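Colleague: Below are the structure tokens for one structure; questions will follow.
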Amino acid sequence: MKSISYRYHDRNTFVHRLNPFVKLAWVTGVMLLAVIFEHPLYLMLFFLSTLPVIALAQAWREWASLMRFMLWMSVAIVLINALVIYHGSHVLLEFTFEIPTLGQPKITLEAIAFGLGMSLRLITIVSAFVVLNFTVHPDDMMQAMIKIKFPYKSVLATSMSLRFFPALVDDLERVSDVQRTRGIEIDKGGIAQRAKNGGAVLVPLLSNSLDRAVQIAEAMEARAFGAYQRRTSFKEIALPGWDRLLVAFGLSPLLIGTAIRWMGYGKYRYYPSLQHLDPGPGGWLSLTVLAVLLLSILPLAWFRKRCQLD
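One gets the numbering used here by counting positions in the sequence shown from 1 and adding 263 to each.
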């Protein structure tokens, strides 16, 4: 089976062809909405809104790989939350012993629900990040952030960190394959044996990472990085009229969503007992408005593409 690369791959989709500012505006809006809203129905809407974009960008394999990892992380979040937070009126399981500073442990329905809500929020943010990471070239992303007047060194550090993870994954696969040819099975044996064999991968992986960091530092020094305040670029990202309209539509869910949240919608009470999921007539109306705004970017982008072809 072909391994999944977490690097950017240029594909002939209209999502890839979209202006980076448009995708940055839309993804930023989804991420911030997932942070400011608490109600599970709103969080589910934000998560589902990313799926059509991912499908049109043909990034399902990368998305599914990250979602498998997020599923295990969500299980850990729910378990830890249920074991350390004892608030809630519906006790599912209560232990007879006591833990110092924590008291008598008990598992409540509200604690599990809170862990699920936080997991859904995290999954939504990661799903939105997939759109940004796999449909925008890192150089274009850096140029877009510089155009928005983010500090250049901060943008460069962020861009390098995003490039570092795919390189680290590639190094891990390569080093693991080399160790397997030497008879060292990384994923077989007991826990102690796996930990011992993992050291055979960790040491060269750390060494490669340090070597890469030194090479990047030497390359930046050789190119006199930071010697001039004003910098030039090989590629400039323009923002014509149609793209400005798309940026406005990309930001509209965040602006309208902030107003909706300020009006009192999107809240959810986990403790001491779970609130009903039904948000009421006003809540359903706000959900409908947000759904239309979140998905309107796709037909508008398609219409823009058709106009360019004509």
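Think of the CB as a built atom: it goes at the ideal place given N, C-alpha and C, for glycine as much as any other residue.
None of these values were measured; they are calculated from a predicted model.
Please specify which runs of the beta strand (DSSP E), each continuous and at least 3 residues long, are wholly inside the stretch 349-422, giving them in chain order.
Modeller: List check, beta strand (DSSP E) in window: 354-357 and 369-371.
Colleague: Work out the CA separation of L473 and A480 for me, nearest whole Å.
Modeller: For A480 and L473, the distance between alpha carbons rounds to 11 Å.
Colleague: Would you tell me roughly how many angstroms separate the C-alpha atoms of P363 and E357, rounded to the nearest one?
Modeller: Whole-angstrom Cα-Cα distance: 16 Å.
Colleague: What three-state label does DSSP hand T313 in the structure shown?
Modeller: The answer is helix: DSSP assigns T313 an H, G or I state.
Colleague: Please report the distance separating the alpha-carbon of P414 from that of L372.
Modeller: Spanning the two alpha carbons is a distance of roughly 45 Å.
Colleague: In three-state DSSP terms, what is A320?
Modeller: In the structure shown, A320 sits in coil (DSSP, three-state: anything other than H, G, I, E or B).
Colleague: Please report the Cβ distance between L210 and F284, rounded to the nearest whole angstrom; I am assuming they are in contact, meaning their Cβ atoms lie under 8 Å.
Modeller: Any answer about residue 210 is impossible in this case: the structure gives the chain only from 264 up to 573.
Colleague: Report yes or no: do three or more beta-carbon pairs, one from the stretch 332-341 and one from the stretch 272-288, lie closer than 8 Å?
Modeller: With a cut-off of 8 Å, the stretch 272-288 and the stretch 332-341 do not count as touching, because too few Cβ pairs lie within range.
Colleague: By DSSP, does L557 sit in helix, in strand, or in coil?
Modeller: It is helical.
Colleague: Use the C-beta contact count for N275: other C-beta atoms within 10 angstroms, 16 or more gives buried, fewer gives exposed.
Modeller: Exposed, because fewer than 16 other Cβ atoms sit within 10 Å of the Cβ of N275.
Colleague: Can you have a look at W326 and say buried or exposed, based on whether 16 or more other CB atoms are within 10 angstroms of its CB?
Modeller: Looking at its Cβ environment, which holds 16 or more other Cβ atoms inside 10 Å, W326 is buried.
Colleague: Which residues in the same chain as R445 place their Cβ atom closer than 6 Å to its Cβ, once the five residues preceding and following it in sequence are excluded?
Modeller: Around R445: no qualifying Cβ.
Colleague: Measure the beta-carbon distance from L385 to V341 and round it to whole angstroms, keeping in mind my assumption that it falls under 8 Å.
Modeller: No, L385 and V341 are not in contact; Cβ-Cβ is about 11 Å, not under 8 Å.
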